[in-house]
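Q: One structure coming up, written as structure tokens, with questions to follow.
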Amino acid sequence: MTVKIGMIGLDTSHVSIFSKMLFDTDHPYYVPGARITAAFPGGSPDFELSMSRVEGYTKELAAWGTEILDRPEDVAKQVDAVMLVAVDGRTHLSLFRAIAPYCRRVFIDKPFAVTSKDAKEMIELAERFQVTVMSSSSLRYAQGLQDELARCGEGDIIGVDCAGPLPLQPTQPGLFWYGIHEAEMLYRVLGTGCESVHTAATEFHDVLTAVWKDGRIGTIRGNRAGNDRFGITIHRTEVSSFVDIMEHSKPYYASLLDQIMQMFTTGVSGVPLSETLEIIRFLEAANVSRETGETVRLDGYNMA
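Here you go:
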């Protein structure tokens with residue numbers, strides 16, 4: 005049986021990336037058994053990176069035979085699962101609120117939300133309407149990172165250092181625009197339990213130092229100095245290993261789509277919503293620290 009997928013928010017390169025893997029049988033990472041059958045374009049008028057891309061990606065998706073509809077709920081009513089990929093994290097709550105009563109399985113692209121208040125309401129909606137929800141950056145499932153985490157016999161993981169580009173966007177609060185990628189890698193390795201975070205910021209760099217409740221420390225080094233490669237160093241009791249996220253032959257978007265399709269077919273998400281909520285609180289706390297210069301406890305401030 006073919007899984008009918010709805011796509012909401014046609015203002016991101018993920019529209020093109022995912023549709024090619026789902027429609028193009030000659031694609032090296034073609035995923036059989038699913039089609040994007042309906043979509044809602046959306047778009048944020050105050051976000052140039054959103055509005056400038058809606059028309060092009062809508063035409064591209066329509067060329068595959070996808071029906072373009074006027075309301076997100078109309079998409080949700082006629083599909084088996086939904087990809088909410090709108091590039092503007094501010095819109096995710098309103099879009100999810102519109103579709104939650106009509107769907108059972110939803111992937112929400114990063115960032116899940118840009119405030120923990122929105123994130124909490126989205127989780128409450130998912131629980132009320134019994135919707136399985138998964139949210140993730142593609143870097144969480146990068147093949148090189150998965151391979152490194154599967155290695156055995158070199159001791160427990162005691163810390164991690166993540167690095168990557170960290171451009172800023174005025175409409176996306178502080179570190180939410182690109183810091184979500186490094187945060188997802190950090191949590192993929194250390195899991196939940198972050199107690200506090202401190203951010204040191206200059207014009208071209210941000211360095212986040214996060215302390216976990218068990219004493220482990222994770223860092224994120226983000227730059228606006230031209231280095232666009234993502235990397236991660238995982239420290240174990242016996243050895244430290246560096247992973248260049250970009251060098252594996254399998255694109256990380258293909259690995260993410262594998263996980264999304266697994267959730268769509270089984271109804272089980274590989275990322276607990278409790279972890280997703282903590283990641284949003286982590287970035288929120290890091291933004292507070294970025295402004296104040298102080299170390300911020302994740303449980304020490306009110307939800308925005």
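Per my numbering, residue 5 is the first one in the sequence shown, and the count goes up by one each step.
Note that CB positions come from ideal geometry on N, CA and C, so glycine has one too.
Which residues in the same chain have their Cβ closer than 6 Å to the Cβ of glutamine 147, if we skip the five residues on either side of it in sequence?
A: The residues are His252, Lys254, Ser259.
Q: Among residues of its own chain, excluding the 5 on either side of leucine 129, which ones have a beta-carbon nearer than 7 Å to its beta-carbon?
A: Cβ within range, chain order: Phe100, Arg101, Ala104.
Q: Out of His202, Pro45, Ile284, Ile40, which has the shortest C-alpha to C-alpha gap to isoleucine 184?
A: Per the Cα distances, Ile284.
Q: Give the range of the beta strand (DSSP E) segment to which methionine 87 is assigned.
A: Segment 85-88, the beta strand (DSSP E) holding methionine 87.
Q: Skipping 5 residues on each side, what residues in its chain have a beta carbon closer than 8 Å to that of glycine 271?
A: Closer than 8 Å at the Cβ level, and outside the excluded window around glycine 271, lie Arg108, Arg109, Thr136.
Q: Please give the ranges of any alpha helix (DSSP H) in the region 115-148, keeping only runs that are unbroken, at least 4 residues long and fully inside the region.
A: Qualifying alpha helix (DSSP H) stretches, in chain order: 120-132.
Q: Determine the burial state of aspartate 210: buried for a count of at least 16 other Cβ atoms within 10 Å of its Cβ, exposed for fewer.
A: Label assigned to aspartate 210: buried.
Q: Which two residues bound the contiguous beta strand (DSSP E) that contains valine 35?
A: From DSSP, valine 35 is part of no beta strand (DSSP E); its letter is neither H nor E.
Q: Under a CB-based cut-off of 8 Å, is serine 142 close to chain D?
A: Of the protein chains in the structure, only one exists, and it is not chain D.
Q: Quick check: what's the CA-CA separation for glycine 46 versus valine 19?
A: Computed Cα separation, rounded: 12 Å.
Q: Tell me where the beta strand (DSSP E) around glycine 235 begins and ends.
A: Its beta strand (DSSP E) spans residues 235-240.
Q: Contact between the region 5-15 and the region 30-49: three or more CB pairs below 8 Å?
A: Yes: at least three Cβ pairs fall under 8 Å.
Q: Work out the CA separation of valine 7 and aspartate 151 for me, nearest whole Å.
A: Distance between the alpha carbons of aspartate 151 and valine 7 is about 29 Å.
Q: Mind checking which residues open and close the alpha helix (DSSP H) that includes glycine 183?
A: First-last of the alpha helix (DSSP H) with glycine 183: 183-194.
Q: Distance, Cα to Cα, lysine 24 vs valine 35?
A: Those two C-alpha atoms are separated by around 9 Å.
Q: Which term fits glutamine 134, buried or exposed, when burial requires 16 or more other beta carbons within 10 angstroms of its beta carbon?
A: The residue in question, glutamine 134, is exposed, as its Cβ has fewer than 16 Cβ neighbours within 10 Å.
Q: Take phenylalanine 111 as the anchor and find which of Asp84, Cys198, Lys121, Ser244 has the nearest alpha-carbon.
A: Nearest option by C-alpha distance: Asp84.
Q: Do you know offhand how far threonine 299's Cα is from serine 98's?
A: So the alpha carbons of these two residues sit roughly 32 Å apart.
Q: Where glutamine 263 and tryptophan 216 are concerned, what is the direct C-alpha to C-alpha distance, given to the nearest angstrom?
A: One C-alpha to the other measures close to 27 Å.
Q: Quick one: measure Cβ to Cβ for valine 79 and alanine 38, integer angstroms, because I've assumed they're closer than 8 Å.
A: So it is not a contact: roughly 15 Å between Cβ atoms.
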